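Participant: Quick note, the sequence shown lines up with residues 45 to 167 if you use the numbering used here.
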Amino acid sequence: GADADLVEMLLHHGANASLQGAAGETAEALAPNGELKALLGEAANGMGMMNAQQLAAILAPKSAARRVSVSAESIDPTKQMLAPKKVIDKSDEDRERIRATLMRSFLFKHGDAAQTAAARCHT
Numbered sequence: 045g046a047d048a049d050l051v052e053m054l055l056h057h058g059a060n061a062s063l064q065g066a067a068g069e070t071a072e073a074l075a076p077n078g079e080l081k082a083l084l085g086e087a088a089n090g091m092g093m094m095n096a097q098q099l100a101a102i103l104a105p106k107s108a109a110r111r112v113s114v115s116a117e118s119i120d121p122t123k124q125m126l127a128p129k130k131v132i133d134k135s136d137e138d139r140e141r142i143r144a145t146l147m148r149s150f151l152f153k154h155g156d157a158a159q160t161a162a163a164r165c166h167t
């Protein structure tokens, strides 16, 4: 049944059927039916239990196959060629509307005078 399938899966993945509970009872002694008792009895006798080598293989770190690092070209901001800023002519009315919008924006609201001037210059 479903219980037997679950017990088989647990045993297959390393559960130890020979462990005892606090009162000394074994899983085999507590099993509700013969099918489970048989499965647990085989496992407790060494059949179906995972050995130390199998357990070590499962628990071994898998890092050997991982990429160690990815490198990128370093960028020196002092030597970087900046593209010229493109300024599009606008009327005084357009500049004022853009400035007012920027001052309401949380990104520009608390900027210092130089940042505000740069934003005004390019509008």
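We put the CB at the ideal spot given by N, CA and C, even for glycine. Predicted model only: the values in this text are computed from it and were never measured.
What is the DSSP secondary structure of Asp136, reduced to helix, strand or coil?
Facilitator: Three-state DSSP puts Asp136 in a helix.
Participant: So, for Ala158: in the same chain, excluding its five sequence neighbours on each side, which residues have a beta-carbon less than 6 Å away from its beta-carbon?
Facilitator: Result list for Ala158: empty, nothing under 6 Å.
Participant: Return helix, strand or coil for Ala144, following the three-state DSSP convention.
Facilitator: Three-state DSSP puts Ala144 in a helix.
Participant: Which of the three DSSP states is assigned to Met125 in this structure?
Facilitator: Of the three classes helix, strand and coil, the one that applies to Met125 here is coil, per DSSP.
Participant: Measure the alpha-carbon distance for Leu146 versus Asp136 and round it to whole angstroms.
Facilitator: Those two C-alpha atoms are separated by around 15 Å.
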